[in-house]
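Residue numbers (this note's numbering): 10 to 256. Cβ coordinates follow ideal geometry from the N, Cα and C atoms, glycine included. Read through the structure below, which is laid out as structure tokens, and then see the notes.
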Amino acid sequence: MQMQIQMTAMVKKLIIINVAIWLLFVMILQKVFFSQAYIYEYFGLIPKSFLFDFFLWQPFTYMFLHSSNFFHILFNMLILWMFGSELEARWGSRFFLIYYLVSGVGAAFIYVVCTLLYYLFTNNDVPLSVPVIGASGATFGLILAYGLIFSERTVLFMFVFPMKAKYFALLLAIIELMTLLDSGFGSQVANLAHLGGVVSGFLFLYFYSRWKTGRLKKKPSRHGRKLKLVVDNESHKDKKRGPRYWN
10 MQMQIQMTAM VKKLIIINVA IWLLFVMILQ KVFFSQAYIY EYFGLIPKSF LFDFFLWQPF
70 TYMFLHSSNF FHILFNMLIL WMFGSELEAR WGSRFFLIYY LVSGVGAAFI YVVCTLLYYL
130 FTNNDVPLSV PVIGASGATF GLILAYGLIF SERTVLFMFV FPMKAKYFAL LLAIIELMTL
190 LDSGFGSQVA NLAHLGGVVS GFLFLYFYSR WKTGRLKKKP SRHGRKLKLV VDNESHKDKK
250 RGPRYWN
């Protein structure tokens, strides 16, 4: 079965927000009032600033910033539209937004922890000071979820080669991992943040599924007790009752 692409309400809002911020900060304000470095320094994700200067908002704000390169935001918004719309239609807007934000923020925390560990083992503090921006942590989480939920759907790798969604998601994760191992923290693309979005999305879905399953298992016994109380005692009165390193 082919992908069914129809833009949903929350996806549309997220795209509008991302594009508006890109136009406002990157294309207008940085040319008039601020330098690009100033915007990325305060609103991009810089592990050193988050850890030692307590810029606690950065794991959230970084995912709404994009490079001045048009293709950076273009590809992220395409992924958000193509994969996010069907997930939102399946989950509902509220859960979709929660998942999107968890994937993006989770990717940031994984990136910060890994860069800190990298510094502790190598004494190389350069990655700690380099800003990461972009929605790719969140959008890679969407790709992971799509591959799990709509595993048999056909998607086009590089918009040319058809393959099942589960293989598409797996292939992208492998490519990101191999690129990270090859280039480390020195490339222009924050591959670690991409993988962080995949890991965060998977963990969220896994633990949410376990929590929901646990709730469902407990429901029959509770319902039984309620039914007994209503029938025996209360039947007559109970009638009211989501730089250098692009992400």
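Between the alpha carbons of I183 and L204 lies a gap of roughly 9 angstroms. If you draw a straight line from the Cα of D62 to the Cα of L32, it comes to about 28 angstroms.
Among the bridge pairs identified by DSSP, L89 is matched with none. Scanning its chain for C-beta atoms nearer than 8 angstroms, with the 5 sequence neighbours on each side dropped, one finds around S102 the residues T17, A18, M19, in chain order. When the alpha-carbon of G156 is set against those of A144, I119, V141, M172, the nearest one is in M172.
Bounds of the beta strand (DSSP E) holding F166 are 163–166.
Within a 10 Å sphere around the beta-carbon of F80 sit fewer than 16 other beta-carbons, which makes this residue exposed. Relative to Y120, the option among V141, F211, N78 whose CA is nearest is V141. The C-alpha of D191 is placed about 15 angstroms away from the C-alpha of Y127. Counting along the chain, M172 sits inside the beta strand (DSSP E) bounded by residues 170–173.
Between V35 and T222, the alpha-carbon positions lie close to 44 angstroms from each other. If you draw a straight line from the Cα of P68 to the Cα of A117, it comes to about 5 angstroms. Here the alpha carbons of Q15 and A178 stand approximately 20 angstroms from one another. By the Cβ-count criterion, T124 is buried, with 16 or more other Cβ atoms from all chains shown falling within 10 Å of its own Cβ. Burial is judged here by how many other beta carbons sit within 10 angstroms of a residue's own beta carbon; F92 has at least 16 and is buried.
In the structure shown, the three-state DSSP call for V114 is helix.
A46 counts as exposed, since fewer than 16 other C-beta atoms from the protein chains shown sit within 10 angstroms of its C-beta.
Boundaries of the alpha helix (DSSP H) harbouring A29: 18–30, taken from the DSSP string. Secondary structure note for Q15: it is in no alpha helix (DSSP H), with a DSSP letter that is neither H nor E. When the beta-carbon positions are compared, I152 and L129 stay at least 8 angstroms from each other.
Your pair M72 and A147 checks out as a contact, with CB atoms roughly 5 angstroms apart and the cut at 8 angstroms.
Spanning the alpha carbons of E50 and K22 requires a straight line of approximately 26 angstroms.
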